[in-house]
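In the order they appear, the protein sequences are chains A, H, F and C.
Residue numbering for the first sequence follows my numbering, starting at 24 and increasing by one per position.
Residue numbering for the second sequence follows my numbering, starting at 24 and increasing by one per position.
Residue numbering for the third sequence follows my numbering, starting at 24 and increasing by one per position.
Residue numbering for the fourth sequence follows my numbering, starting at 24 and increasing by one per position.
Glycine included, each C-beta is placed from N, C-alpha and C at the ideal position.
Note that the coordinates shown come from a computational prediction; the quantities given were computed from them, not determined experimentally.
There are 4 protein chains.
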Amino acid sequence: MSIDTHKRYVVRIRTRDRKGIISMVTQVLYKRDLNIIKNAEYVDPELHHFFMRTEVEGKVDPGLLEGELRQNLPAQAEVACHPTALKGLVILVTKESHCLGDLLIRHAFNDLGATIKAVVGNHQDLETLVKRFDLPFHYVSHEGISREEHEKLMHAAIDLYTPDYVVLAKYMRILTPHFINHYPQRIVNIHHSFLPAFIGANPYMQAHARGVKLVGATAHIVNDALDEGPIITQGVVPVTHEYTAQDMARAGRDIEKVILAKAVRLVVEDRVFLYDNKTIIFE
Amino acid sequence: MSIDTHKRYVVRIRTRDRKGIISMVTQVLYKRDLNIIKNAEYVDPELHHFFMRTEVEGKVDPGLLEGELRQNLPAQAEVACHPTALKGLVILVTKESHCLGDLLIRHAFNDLGATIKAVVGNHQDLETLVKRFDLPFHYVSHEGISREEHEKLMHAAIDLYTPDYVVLAKYMRILTPHFINHYPQRIVNIHHSFLPAFIGANPYMQAHARGVKLVGATAHIVNDALDEGPIITQGVVPVTHEYTAQDMARAGRDIEKVILAKAVRLVVEDRVFLYDNKTIIFE
Amino acid sequence: MSIDTHKRYVVRIRTRDRKGIISMVTQVLYKRDLNIIKNAEYVDPELHHFFMRTEVEGKVDPGLLEGELRQNLPAQAEVACHPTALKGLVILVTKESHCLGDLLIRHAFNDLGATIKAVVGNHQDLETLVKRFDLPFHYVSHEGISREEHEKLMHAAIDLYTPDYVVLAKYMRILTPHFINHYPQRIVNIHHSFLPAFIGANPYMQAHARGVKLVGATAHIVNDALDEGPIITQGVVPVTHEYTAQDMARAGRDIEKVILAKAVRLVVEDRVFLYDNKTIIFE
Amino acid sequence: MSIDTHKRYVVRIRTRDRKGIISMVTQVLYKRDLNIIKNAEYVDPELHHFFMRTEVEGKVDPGLLEGELRQNLPAQAEVACHPTALKGLVILVTKESHCLGDLLIRHAFNDLGATIKAVVGNHQDLETLVKRFDLPFHYVSHEGISREEHEKLMHAAIDLYTPDYVVLAKYMRILTPHFINHYPQRIVNIHHSFLPAFIGANPYMQAHARGVKLVGATAHIVNDALDEGPIITQGVVPVTHEYTAQDMARAGRDIEKVILAKAVRLVVEDRVFLYDNKTIIFE
Chain A
24 MSIDTHKRYV VRIRTRDRKG IISMVTQVLY KRDLNIIKNA EYVDPELHHF
74 FMRTEVEGKV DPGLLEGELR QNLPAQAEVA CHPTALKGLV ILVTKESHCL
124 GDLLIRHAFN DLGATIKAVV GNHQDLETLV KRFDLPFHYV SHEGISREEH
174 EKLMHAAIDL YTPDYVVLAK YMRILTPHFI NHYPQRIVNI HHSFLPAFIG
224 ANPYMQAHAR GVKLVGATAH IVNDALDEGP IITQGVVPVT HEYTAQDMAR
274 AGRDIEKVIL AKAVRLVVED RVFLYDNKTI IFE
Chain H
24 MSIDTHKRYV VRIRTRDRKG IISMVTQVLY KRDLNIIKNA EYVDPELHHF
74 FMRTEVEGKV DPGLLEGELR QNLPAQAEVA CHPTALKGLV ILVTKESHCL
124 GDLLIRHAFN DLGATIKAVV GNHQDLETLV KRFDLPFHYV SHEGISREEH
174 EKLMHAAIDL YTPDYVVLAK YMRILTPHFI NHYPQRIVNI HHSFLPAFIG
224 ANPYMQAHAR GVKLVGATAH IVNDALDEGP IITQGVVPVT HEYTAQDMAR
274 AGRDIEKVIL AKAVRLVVED RVFLYDNKTI IFE
Chain F
24 MSIDTHKRYV VRIRTRDRKG IISMVTQVLY KRDLNIIKNA EYVDPELHHF
74 FMRTEVEGKV DPGLLEGELR QNLPAQAEVA CHPTALKGLV ILVTKESHCL
124 GDLLIRHAFN DLGATIKAVV GNHQDLETLV KRFDLPFHYV SHEGISREEH
174 EKLMHAAIDL YTPDYVVLAK YMRILTPHFI NHYPQRIVNI HHSFLPAFIG
224 ANPYMQAHAR GVKLVGATAH IVNDALDEGP IITQGVVPVT HEYTAQDMAR
274 AGRDIEKVIL AKAVRLVVED RVFLYDNKTI IFE
Chain C
24 MSIDTHKRYV VRIRTRDRKG IISMVTQVLY KRDLNIIKNA EYVDPELHHF
74 FMRTEVEGKV DPGLLEGELR QNLPAQAEVA CHPTALKGLV ILVTKESHCL
124 GDLLIRHAFN DLGATIKAVV GNHQDLETLV KRFDLPFHYV SHEGISREEH
174 EKLMHAAIDL YTPDYVVLAK YMRILTPHFI NHYPQRIVNI HHSFLPAFIG
224 ANPYMQAHAR GVKLVGATAH IVNDALDEGP IITQGVVPVT HEYTAQDMAR
274 AGRDIEKVIL AKAVRLVVED RVFLYDNKTI IFE
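What follows is the structure, encoded as structure tokens:
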């Protein structure tokens, strides 16, 4: 690869910890005449893993920089250097409009931090909305076919666009591990509860039955344990005994869409590390 | 007026307080075979004013009911009974998309609680967005004309639709008392600060300069004191020293749109009383 | 009972719903020349139960008023009228000081809304603190005796004070149904998680292991299902990946104490109805 | 100064920015065999000032380390290295107990992160509370003497204890610049509003009159502009039209005490930089 003429890069490192890593990394960056715009590190105090995210400005060949850093780090260290660039998303939906609508509005006014390439739905309800924004909508019904067949069709629709991330914006189908592993650590979901409370179906019904006084939303990375993937961000809104399950759902929608959009921004800006089924987030 | 066949009504009463009002009102409703769905009262402990909002179900001639209630209340009591029905809105905008976009998405999926009749902008930036939703957009530029002439044109555009409420969804022009008094107590504004902090222009610049750790949004009724009208609802989001004024604005947008939508719902559902430059809100 | 000379009363009613109850109740209060200070009702829309809490001012024999209301209500209606008065509390603790300390400070400055009669601990750690406030502390160790024997001793210590409510201010022993049923619906607990997440032991350890981004606290009435009793109020605080389980616990303490104090105030002011393992709260 | 045997140090640097500072600092720390526990930097994007706080573990002579760092930094750079140690506080109060009570309870159970050396009050109301915790209370009445005389007596009482910080825990006297400059950047105040709203006296009265829907609290460093000093942290709680000014004050107390305790912890842990009348906070 020839010298990249990009001006801004994100450097991400994860490795087991030892003394002197920050010193080494910053020295390498300094020698290459890269200016540190923003820098953050974290060391897990129990497992002694080291994480670092650095935004730099300058000119560099990312591959060469990665190589130099790697040779100064413990074996198995993971090093990545990428020019900052808009990531591509494919959004999966079912019938609910609020999360998709919010992403579309942000996208239409360059406020999402990513490019929506297409929307894929297992129902047709949101096709009109997507078309209003001149984006492709793929209707992939699950009716009359097996889960495996349906996921195969979903894959085909999604992979037309080679997205960096797949965003589940209230996509109400359970995904198989096979599907999930096709986009490892690259699926972001919004779950309409304050996880780990109310895992599974109908969380607002569960929340209403339990009589909670706050309802929440959780954005997380999807792994094959579904609602048990690493949590990116969470929010809550207060409710009272006067709220029906439907009222709770309505209150929840306002926080769901904000939380999902925040999570999307965090992942597409390379601010999230996954680790031990948790996230480390450099905001 | 003949017997109305509507099934649900909102009865609103404001009067100076005296003993027995709730008893009288509920007895009248009971005798007319109206079932109380939801009931709320408030008595100002200092000024001894009484406020009541009651949702009832049944069949009634609203005018007759109002008359009967009024004759049992102190002189000057205000009584209103309306069948519940979607109110009509005209939305005023300038260039920012997030509040308008949020209202449009809610409206498109019957989640706003009101009907958007048209959008009027003093810039053309949001015309495309409005057209995507098949709603009328009126571009009324303020360039090259006086404030009075501009407001006259705005009036003309708005009044085509005889709206129940005018919603300022980041409309960035100062309104004259003349304009405001044309829609008395019927203009809802979102101010991008936690009022009364940062009254006036560029609140996020002010907030950044002051080094606050929370930024806020305030939805209020517009009176001729502009940012000093009665507050309907407020929200905040945390910020840090790392936020530029632009970052604060971005963080603030997420709360602005939610707060404005909440305020719109409260007013169109007749839940807001204005009183002593404050609001009484029966949620 | 002779005419009570108290000036303020709380009237509480629960019954299956039928038309006209509010009208009847307010008419009875009006005829008895009682002035309604504050009034709230709720009807469960599915189960058609009716709840009402009314604060009145005037002079009345509570027993007679209860009787008159009851005979105008459906059979099995529950009616209670009590003069407002400070309730008495016994507080149970183990080793953690923050909730107890907060209650003691409020109590010392008449800001609790209740009277602390005594503190009972299964460890001696907090004895000094309680003594500083000139209140009785009973040390009832659980060491070397059976759970039944321990609870018997706890009962004995508590019942010396005939409390209206027993408050578990981080009392870290599991209670038997036998113990709980001795104070039916009169035990308030603070659980250090956002229930129903992290039921059981060490919720902050669980929360840390799960990688949540908010930690919470839940005040609830204790029934024989322990952490599953009716929720009174809940709160959350944000945390990050940098928080150890101990940091989460520290962050949580600030919300635990505030939430517990709020719950105590709600119950001692007779604002809480228990219903269907949930609470109805008239704030 | 001989080699210090402390094990943990905080290194703080502020300087105008230039390339390579982080690299230089971390290299120096590495060469001295100091292990970085936690590290944070911030560069003001407009004014190009650089701030860094690093916690290290090891053995070092702080003076020598400061010297070595300083000679590698731009002229006028500020460098400080201190072993971590509990700071000493003197608390100033008037009549309100909630903030003082909260600090005393935390202090009594080693949960404050600082040592309370004494409490000084211009009223006697809180003397008993302080004495309960076996701490010195100085009653310095302002009655019958001039402001200057009173402040002189306050100084005398405070300076007996050579505190690192003076904490105004609802001290309701206006301080002169002369008094403030005696403890430059070392006075922490809790203001009972969401600054800059409701500067000055009786903020809850002001908030009630304005009809806000949230009330707040602000902890800040006191400079000679009083309520206009750099903000450390802020919080809010929701209120409704039913809240009297007294109810707002009560709601506010729960957030005031938590916010003040948080601010105290941030300053005594050397996490706060003051800059351009704002704070930079490395949490």
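The three-state reading of DSSP puts Q257(H) in strand, counting E and B together. Residues are counted here when their Cβ sits less than 8 Å from a Cβ of chain H; for the segment 57-88 of chain C these are Y65, P68, given in chain order. Near chain C, meaning a CB-to-CB distance below 8 Å, the residues of the segment 218-231 of chain H are L218, P219, A220, F221. For F160(F), the uninterrupted beta strand (DSSP E) run begins and ends at 160-162, by DSSP. Bounds of the beta strand (DSSP E) holding R35(A) are 31-39.
In this structure, DSSP gives L88(H) a helical state, which the three-state scheme calls helix. If you draw a 10 Å sphere on the C-beta of Q94(A), you find fewer than 16 other C-beta atoms in it, and that means exposed. Close CB contacts of L112(F) within its chain, under the 6 Å cut and outside five residues either way in sequence, are with A137, I139, P186, Y188, V190 (chain order).
At a cut-off of 8 Å between beta-carbon atoms, I304(F) makes contact with chain A.
Within chain H, the residues T49, I59, N62 have their CB atoms less than 7 Å from the CB of I45(F), given in chain order. If you draw a straight line from the Cα of I203(F) to the Cα of E91(H), it is about 53 Å long.
Chain-order list of chain H residues neighbouring V281(A): D277, V281, by C-beta distance under 8 Å. For P97(C), the secondary structure class from DSSP, reduced to helix, strand or coil, is coil.
Rounded to the nearest angstrom, the Cβ distance from E78(C) to R31(C) is 7 Å, consistent with a contact under 8 Å. The Cβ of T263(A) sits closer than 8 Å to at least one Cβ of chain F. Distances from the alpha-carbon of D182(H) to those of H205(H), Y162(H), Q50(H) put H205(H) closest. The beta carbon of Y266(C) sits no closer than 8 Å to any beta carbon of chain A. Beta-bridge analysis with DSSP links T77(F) to V34(F), N62(F). In the structure shown, the three-state DSSP call for I197(A) is coil.
Between G43(H) and G81(F), the alpha-carbon positions lie close to 13 Å from each other. Excluding residues up to 5 positions away in sequence, C122, I213, A242 lie with their Cβ nearer than 6 Å to the Cβ of L283(H) in the same chain. Straight-line measurement puts the Cα of E279(H) at about 7 Å from the Cα of H215(H). In chain order, R76, F305 place their CB closer than 6 Å to the CB of A63(C), counting only its own chain and leaving out the 5 sequence neighbours on each side. Boundaries of the alpha helix (DSSP H) harbouring I282(C): 268-291, taken from the DSSP string.
When rounded, the separation of the alpha-carbon atoms in G252(C) and L135(C) is 23 Å.
Restricting attention to alpha helix (DSSP H) runs no shorter than 4 residues, the segment 191-249 of chain F encloses them at 200-204, 226-233, ordered along the chain.
A direct Cα-Cα distance of roughly 12 Å separates F221(H) from I222(C).
When DSSP states are grouped into helix, strand and coil, L70(H) belongs to the coil group.
It is roughly 8 Å from the alpha-carbon of H146(H) to the alpha-carbon of V116(H). Residues of chain C whose Cβ lies closer than 7 Å to the Cβ of Q257(H) are, in chain order, V235, K236, L237. Not one beta carbon of chain F lies nearer than 8 Å to the beta carbon of N212(A). Flagged as an interface residue toward chain C: R155(F), by a C-beta distance shorter than 8 Å. Here V33(C) is actually not in contact with T151(C); their C-beta atoms are around 37 Å apart, not less than 8 Å. Taking a contact as a CB-CB distance under 8 Å, the pair Y227(C) and A286(C) does not count as one, their CB atoms being some 20 Å apart. By the neighbour-count criterion, in which a residue is buried when 16 or more other Cβ atoms sit within 10 angstroms of its Cβ, R41(C) is exposed. No Cβ of chain A is located within less than 8 Å of the beta carbon of K140(C).
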